[in-house]
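Engineer: There's a structure below that I have some questions on.
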Amino acid sequence: MDGISIARVIHVLAIVLWIGGVAFVTLVVMPSIGRAAPGDSRMGFFRQLEGRFAFQARFWVLLAGMSGLWMVQRGHMWVRFADPRFWWMHAMLLTWLIFAAMLFVIEPMFVHRRTDRSVHPEADFRAMERMHRVLLALSVITVLGAVGGSHGLI
Numbered sequence: 096m097d098g099i100s101i102a103r104v105i106h107v108l109a110i111v112l113w114i115g116g117v118a119f120v121t122l123v124v125m126p127s128i129g130r131a132a133p134g135d136s137r138m139g140f141f142r143q144l145e146g147r148f149a150f151q152a153r154f155w156v157l158l159a160g161m162s163g164l165w166m167v168q169r170g171h172m173w174v175r176f177a178d179p180r181f182w183w184m185h186a187m188l189l190t191w192l193i194f195a196a197m198l199f200v201i202e203p204m205f206v207h208r209r210t211d212r213s214v215h216p217e218a219d220f221r222a223m224e225r226m227h228r229v230l231l232a233l234s235v236i237t238v239l240g241a242v243g244g245s246h247g248l249i
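Counting from 96, one number per residue, gives the positions in the sequence shown under this note's numbering.
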């Protein structure tokens with residue numbers, strides 16, 4: 096097995112656990128909190144669970160980014176970013192950049208501070224739920240495009 100194949104295995108594993116985690120939080124955890132917890136305590140309940148999940152999310156996002164960058168560099172795939180037929184390469188990069196910014200910058204520096212002082216925690220929770228759904232939709236489109244594109248279907 097060559098280096099690209101090993102990197103691809105690592106990359107796919109990282110994506111499965113990263114996006115699978117996003118799907119679980121978006122489709123199971125957040126709706127469950129929405130049904131079980133009173134409106135003003137949902138954000139606090141979510142923050143308790145998220146604290147345990149954040150490390151894993153950051154790890155898989157970092158691993159996906161490192162393995163993806165390594166494959167692009169090693170496989171001389173930079174030219175694909177200049178070709179619109181490889182739109183899914185842009186989608187992968189955009190999705191990764193959004194999640195990396197959220198997990199490493201925006202959430203720890205701004206979101207936690209804002210939700211700690213929120214006067215409308217129920218509205219903040221609903222907004223966070225909507226954001227998760229949008230990010231999950233972007234992620235699913237990206238995965239479909241990347242798998243289809245890398246197998247010549249697109």
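All C-beta atoms, glycine included, are put in the ideal place defined by N, C-alpha and C.
Which residue wins for smallest C-alpha separation from glycine 243, given the options Phe199, Ala232, Met204, Met184?
Structural biologist: The count along the sequence shown starts at 1 and reaches residue 243 at position 148. Closest by alpha carbon: Met184.
Engineer: Which residues bound the alpha helix (DSSP H) around histidine 106?
Structural biologist: Stepping through the sequence shown from its first residue, residue 106 is reached at position 11. Element bounds for histidine 106: 98-119.
Engineer: For proline 203, which of Met226, Thr237, Phe150 has the nearest alpha-carbon?
Structural biologist: Along the sequence shown, one-based indexing puts residue 203 at 108. Comparing Cα-Cα distances from proline 203 to each of Met226, Thr237, Phe150, the minimum goes to Phe150.
Engineer: Cα-Cα, which of Ile128, Ser245, Val107, Val156 is closest to leucine 198?
Structural biologist: What you label residue 198 is simply residue 103 of the sequence shown in a count that begins at 1. The shortest C-alpha separation from leucine 198 is found at Val156.
Engineer: What do you get for phenylalanine 138, buried or exposed, if any count of 16 or more other CB atoms within 10 angstroms of its CB means buried?
Structural biologist: Within the sequence shown, numbered from 1, the residue matching residue 138 stands at position 43. The question names phenylalanine, but residue 138 is methionine in the sequence shown. Buried, because 16 or more other Cβ atoms sit within 10 Å of the Cβ of methionine 138.
Engineer: Can you name the start and end residues of the alpha helix (DSSP H) that glycine 240 belongs to?
Structural biologist: Indexing the sequence shown from 1 puts residue 240 at position 145. In this chain, the alpha helix (DSSP H) harbouring glycine 240 covers 216-245.
Engineer: Rounded to the nearest angstrom, what separates alanine 131 and glycine 170 at their Cα positions?
Structural biologist: Position 36 of the sequence shown holds residue 131. Position 75 of the sequence shown holds residue 170. Roughly 49 Å separates the two Cα atoms.
Engineer: Spatial neighbours of tryptophan 165 within its chain, please: C-beta separation below 6 Å, excluding the five flanking residues on both sides.
Structural biologist: Translated into the one-based positions of the sequence shown, residue 165 becomes position 70. Here the set comprises Ala102.
Engineer: May I ask you to report which of helix, strand or coil DSSP gives glycine 170?
Structural biologist: Taking the sequence shown and counting its residues from 1, the one referred to as residue 170 is at position 75. Correct three-state label for glycine 170: coil.
Engineer: Is histidine 185 near the ligand ZN, going by C-beta to nearest heavy atom under 7 Å?
Structural biologist: The ligand ZN is not part of this structure, which contains no ligands at all.
Engineer: Using CA coordinates, which residue listed in Ala218, Arg153, Ser127, His215 is at the minimum distance from alanine 196?
Structural biologist: Along the sequence shown, one-based indexing puts residue 196 at 101. Alanine 196 has its Cα closest to that of Arg153, out of Ala218, Arg153, Ser127, His215.
Engineer: Sort Ala177, Arg180, Met125, Val238 by Cα distance to alanine 159 and report the nearest one.
Structural biologist: Along the sequence shown, read from residue 1 onward, the residue named residue 159 stands at position 64. Relative to alanine 159, the option among Ala177, Arg180, Met125, Val238 whose CA is nearest is Val238.
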